[in-house]
Amino acid sequence: MATATEKTFYLETFGCQMNAHDSEKVIGTLLNQGYRQVQTEEEANLILYNTCSIRDKAEQKVFHRLNDYKALYKAGKRFGVLGCVAQQEGEKIFERAPYVSLVSGSASYRKLPEMLARLEAGEGRITGLDDRQTEETFETEFTARQNPYRGYITIIEGCDKFCAYCVVPYTRGKERSRTSGSVLEEARRIADLGYTEIQLLGQNVNSYRDPDGKMSFAELLAAVGQVPGIRRVRFTTSHPRDFTRDIVEAIDAYPTLCDHVHLPVQSGSSRVLKAMAREYSSDWYLERISWLKAARRQISLSTDIIVGFPGETDEDFIQTMNLLAQVEYDCVFAFKYSARPNTPALVMIDSIPEAEKAKRLQVLLDRQREIQRSNYAKHIGQTMEVMVEGQNPARAQVAARSSQNKSVNVNWAKPIAPAPGSYMQVRITASHPNSLVAEPA
Ligand code: 5AD
Ligand code: SF4
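Per the working numbering, the sequence shown starts with residue 98, numbered consecutively.
Printed below as a string of structure tokens:
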């Protein structure tokens with residue numbers, strides 16, 4: 098139980114992996130300031146939400162959560178809103194939720210120690226909102242890594258692409274990369290901590306530009322893949338516009354680079370892609386896919402798709418369905434278009450009825466399920482190395498992941514399960530559209 102004078106915080110994270118990793122850095126900063134992390138809002142003096150505003154639903158979730166716990170304010174607890182909703186809504190949050198004392202976007206996290214000190218001194222309405230044009234990245238030695246088997250490293254923050262539908266350039270600010278030297282130093286530190294898997298992060302990870310001019314993205318990938326002790330390197334999210342052939346060559350050359358690439362296409366229609374300001378056509382995208390398909394190892398492909406973008410016709414949607422059939426992704430994240438504040442698409446007429454968007458989404462997901470059913474079944478009989486992520490004692494299974502990023506449930510009858518982060522050889526015995534079943538080999 099927290100005492101009255103003790104500094105305790107509760108932090109909940111919404112949204113993407115960038116947010117999950119930002120939270121690891123925020124937690125580290127708070128711990129270093131003498132705070133203790135607790136697991137419920139009730140126990141905490143300071144309640145923080147690291148928020149997402151990518152779609153309206155994500156944003157609404159945050160306001161519901163704030164509303165659900167506002168009664169705790171009377172008990173002397175303070176609230177802070179961090180992340181994308183904070184940056185997007187800014188001081189309006191104080192009007193909607195007057196019990197909030199701190200609102201900060203991710204570009205201002207460098208100033209958290211100072212903002213926390215003001216909070217502790219009793220100040221209200223503290224903001225960190227003015228740093229979207231910053232050239233600086235948020236680097237801290239205090240990162241409190243929460244994932245027991247995967248070490249995240251942000252290599253590039255922000256986004257300069259300005260896709261017509263997307264809030265990220267407005268919430269995460271200008272694109273800025275870390276030096277390859279500091280990335281490699283962090284990779285070595287992560288390896289020293291015992292991690293064998295690293296995931297490089299960025300809104301457009303492959304738009305990476307070394308401020309020191311020493312390494313391209315593909316060279317950085319190769320260098321991280323050669324850090325002693327590192328067995329798996331992942332990277333997300335890649336933008337097709339900056340997806341160069343040397344990335345595939347690096348994957349070919351270094352087996353530690355995982356055989357999985359997430360390459361969001363958003364639409365199969367070049368007309369819609371143009372309206373989205375994606376700056377590539379479907380043919381251009383498919384050319385990158387053909388490089389990936391020609392790699393030595395079979396590279397698993399995944400993507401993001403938006404259905405019902407303003408003006409998307411039946412014919413446009415059919416083109417997306419055709420692309421789906423042609424690429425045969427192993428995983429697709431598909432979303433109904435959601436109009437977002439500040440974005441260029443806001444002035445386009447969101448002409449497609451919600452029911453039609455929902456129908457297109459369902460058609461797409463049903464087809465994709467069949468594609469995955471067939472893709473995953475091809476693994477039956479194969480032997481592969483998986484990394485243990487956890488345990489499902491109720492089903493006597495170990496949850497693991499393949500290099501291709503497929504979820505593998507390994508039947509496990511023994512009382513003691515292998516530790517998260519350990520590796521084992523397994524033989525695939527059955528498949529589902531989203532996972533594989535295996536026996537230890
Ligand atoms: N509406 C629906 N989906 C969106 N995404 C980004 N912005 C929107 C929006 N306004 C999707 C894109 C992106 C993924 C992270 O979220 O597919 O790649
Ligand atoms: Fe959500 Fe995008 Fe912000 Fe990640 S960067 S938290 S996906 S709005």
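Each residue gets a CB set at the ideal place from its N, CA and C atoms; glycine is no exception.
As the structure is a prediction and not an experimental result, all values here were calculated from the model.
| said: For the region 303-316 against the region 337-347, do three or more pairs of beta-carbon atoms, one drawn from each stretch, fall closer than 8 Å, so that the two count as touching? | reply: yes
Starting from the C-beta of residue 392, find all residues in its chain whose C-beta is less than 7 Å away, skip the five residues before and the five after it, and write them out in chain order. Counted from its first residue, the sequence shown places residue 392 at position 295. Excluding positions up to five away in sequence, the list reads 345, 348, 349.
task = Quick one: grab the DSSP three-state call for residue 278.
result = By 1-based counting over the sequence shown, the position of residue 278 is 181. Residue 278: helix per DSSP, three-state reduction.
Report task. Please determine, among 139, 163, 127, 379, the residue with the shortest C-alpha to C-alpha distance to residue 240. Result -> Taking the first residue of the sequence shown as 1, we reach residue 240 at position 143. That would be 127, whose Cα lies nearest to the Cα of residue 240.
Self-check item: Given 8 Å, three or more beta-carbon pairs between the region 317-330 and the region 290-307
Solution: yes
Please enumerate, following chain order, all residues with a beta carbon closer than 6 Å to at least one heavy atom belonging to the ligand 5AD. 151, 152, 262, 263, 361, 363, 401, 403, 432, 434, 435, 437
task = State the Cα-Cα distance for the pair residue 207 and residue 133, rounded to the nearest angstrom.
result = Numbered from 1 along the sequence shown, position 110 holds the residue referred to as residue 207. Numbered from 1 along the sequence shown, position 36 holds the residue referred to as residue 133. Going by the C-alpha atoms only, they are around 20 Å apart.
Please classify residue 111: does DSSP put it in a helix, a strand, or coil? If you number the sequence shown from 1, residue 111 lands on position 14. DSSP places residue 111 in coil when its eight states are reduced to three.
At what residues does the beta strand (DSSP E) containing residue 487 begin and finish? By 1-based counting over the sequence shown, the position of residue 487 is 390. 480-489 is the span of the beta strand (DSSP E), which, as asked, contains residue 487.
query = the ligand SF4 heavy atoms versus the CB of residue 270: any closer than 8 Å?
reply = Looking up residue 270 in the sequence shown gives position 173. Result no, Cβ not under 8 Å from the ligand SF4.
Q. Is the closest heavy atom of the ligand SF4 to the C-beta of residue 113 under 8 Å?
A. As a first step, residue 113 is located in the sequence shown; it is residue number 16 there, counting from the start. For the ligand SF4, at least one heavy atom lies less than 8 Å from the Cβ of residue 113.
Practice prompt. Report the residue ranges of all alpha helix (DSSP H) runs contained in full by the region 114-159; include only those spanning at least 4 residues, in chain order.
Written response: 114-129
What are the boundary residues of the alpha helix (DSSP H) that includes residue 454? Start at 1 with the first residue of the sequence shown, and residue 454 comes out as number 357. Segment 451-474, the alpha helix (DSSP H) holding residue 454.
Review point. With distances taken from CA atoms, which of 470, 447, 454, 452 is nearest residue 425?
Key: Position 328 of the sequence shown, counting from 1, holds the residue named residue 425. The shortest Cα separation from residue 425 among 470, 447, 454, 452 belongs to 470.
Worksheet item: Taking the DSSP output, what are the residues bridged to residue 409?
Response: Sequence index remark: in the sequence shown, residue 409 carries index 312 (1-based). Looking at the DSSP assignment, residue 409 forms no beta bridge with any residue, so it has no partner.
Round the Cβ separation of residue 122 and residue 224 to the nearest angstrom and send it over; I've been treating them as touching at under 8 Å.
-> Here residue 122 refers to the residue found at position 25 of the sequence shown. Here residue 224 refers to the residue found at position 127 of the sequence shown. That pair is no contact at about 19 Å.
Three-state secondary structure assigned by DSSP to residue 511 = If you number the sequence shown from 1, residue 511 lands on position 414. Three-state DSSP puts residue 511 in coil, outside helix and strand.
The region 506-524 touching the region 463-483, judged by at least three CB pairs closer than 8 Å: yes
Problem set entry | Residue from 409, 364, 390, 380 whose Cα sits closest to the Cα of residue 431 | Taking the first residue of the sequence shown as position 1, residue 431 is located at position 334. Cα-wise, what sits closest to residue 431 is 364.
### Query
Straight-line CA distance for residue 119 to residue 186?
One-based indexing of the sequence shown puts residue 119 at position 22. One-based indexing of the sequence shown puts residue 186 at position 89. For residue 119 and residue 186, the distance between alpha carbons rounds to 19 Å.
Name the DSSP beta bridge partners of residue 86, please?
-> Nothing can be reported for residue 86, as the shown portion of the chain is limited to 98 through 538.
Kindly indicate which residue of 497, 514, 323, 366 has the alpha-carbon position closest to the one of residue 525.
-> Counted from its first residue, the sequence shown places residue 525 at position 428. Closest by alpha carbon: 497.
According to DSSP, simplified to helix, strand and coil, what is residue 342? Position 245 of the sequence shown, counted from the start, is the residue given in the question as residue 342. Residue state, collapsed to three classes: helix.
Q) Going by DSSP, what residues sit across from residue 524 in a beta bridge? A) Looking up residue 524 in the sequence shown gives position 427. BP columns for residue 524 point to 480, 536.
**Study point:** Nearest candidate by alpha-carbon position, reference residue 178, set 188, 171, 275
**Key:** Position 81 of the sequence shown holds residue 178. For the residues 188, 171, 275, the minimum Cα distance to residue 178 belongs to 188.
*asked:* Rounded to whole angstroms, what is the Cα-Cα separation between residue 464 and residue 415?
replied: Along the sequence shown, one-based indexing puts residue 464 at 367. Along the sequence shown, one-based indexing puts residue 415 at 318. The alpha-carbon atoms of residue 464 and residue 415 are separated by roughly 12 Å.
Would a C-beta distance cut-off of 9 Å place residue 143 and residue 176 closer than the cut-off? Locating residue 143 in the sequence shown gives position 46, where the first residue counts as 1. Locating residue 176 in the sequence shown gives position 79, where the first residue counts as 1. For residue 143 and residue 176, yes; Cβs fall inside 9 Å.
| Is residue 198 helix, strand or coil by DSSP? | By one-based count along the sequence shown, residue 198 stands at place 101. In the structure shown, residue 198 sits in a strand (DSSP, three-state: E or B).
Assuming residue 500 contacts residue 355 (C-beta within less than 8 Å), just tell me the rounded distance between them.
The residue labelled residue 500 in the question sits at position 403 within the sequence shown. The residue labelled residue 355 in the question sits at position 258 within the sequence shown. Rounded, the Cβ-Cβ distance is 5 Å, consistent with contact.
Q) Is DSSP giving residue 322 helix, strand or coil here? A) Reading the sequence shown from its first residue, position 225 is the one you call residue 322. DSSP places residue 322 in helix when its eight states are reduced to three.
Taking contact to mean at least 3 C-beta pairs separated by less than 8 Å, is the region 440-450 in contact with the region 252-262? yes
Can the beta-carbon of residue 399 be found less than 9 Å from the beta-carbon of residue 429? As a first step, residue 399 must be located in the sequence shown, where it is residue number 302. As a first step, residue 429 must be located in the sequence shown, where it is residue number 332. Yes, these two residues count as a Cβ contact at 9 Å.
For residue 306, which three-state DSSP category applies?
Within the sequence shown, numbered from 1, the residue matching residue 306 stands at position 209. Of the three classes helix, strand and coil, the one that applies to residue 306 here is coil, per DSSP.
Quiz prompt | Local Cβ density within 10 Å of residue 184, reported as buried at 16 or more and exposed below that | solution = For the purposes of this step, residue 184 is taken as the residue at position 87 of the sequence shown. Buried, because 16 or more other Cβ atoms sit within 10 Å of the Cβ of residue 184.
Pick from 305, 246, 357, 325 that is closest to residue 41, judged by C-alpha positions: Past the boundaries of the shown model lies residue 41; the chain is included only from 98 to 538, so the question cannot be answered.
Leaving out five residues on either side along the sequence, give the residues of the same chain with a beta carbon under 7 Å from the beta carbon of residue 155.
-> Position 58 of the sequence shown, counting from 1, holds the residue named residue 155. Result list for residue 155: 111, 112, 149, in chain order.
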